[in-house]
Amino acid sequence: MSQTGFRGNKAALPQKPCAVCGRPMSWRRKWARTWAEVKYCSDRCRAAAPAAKG
Numbered sequence: 009m010s011q012t013g014f015r016g017n018k019a020a021l022p023q024k025p026c027a028v029c030g031r032p033m034s035w036r037r038k039w040a041r042t043w044a045e046v047k048y049c050s051d052r053c054r055a056a057a058p059a060a061k062g
């Protein structure tokens with residue numbers, strides 16, 4: 009038996025919208041520890057985000 013990806017119900021994973029484009033982002037295992045801080049769906053959206061003043 010090979011392990012080729014997630015075998016569960018992907019529709020049950022949490023989602024939230026990207027802060028820039030508004031597209032829904034699905035939870036990723038890579039984001040497990042930082043899911044609350046994830047704001048952008050991609051590097052492109054992160055670069056397009058307005059810079060924080062400070």
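Heads up, the sequence shown is in the numbering used here, so the first residue is 9 and it goes up one at a time.
Virtual Cβ for every residue (Gly too), placed ideally from N, Cα, C.
This structure is a prediction, so every number in the text was calculated from the model and none was measured.
Residue pairing by DSSP places K24 opposite M33 in a beta bridge. Using a C-beta cut-off of 8 Å, the segment 51-59 makes contact with the segment 23-32, since at least three inter-stretch Cβ pairs fall below that distance. DSSP places A56 in the helix class (H, G or I) of the three-state scheme.
In the three-state DSSP reduction, W43 falls in the coil class, being neither helix nor strand.
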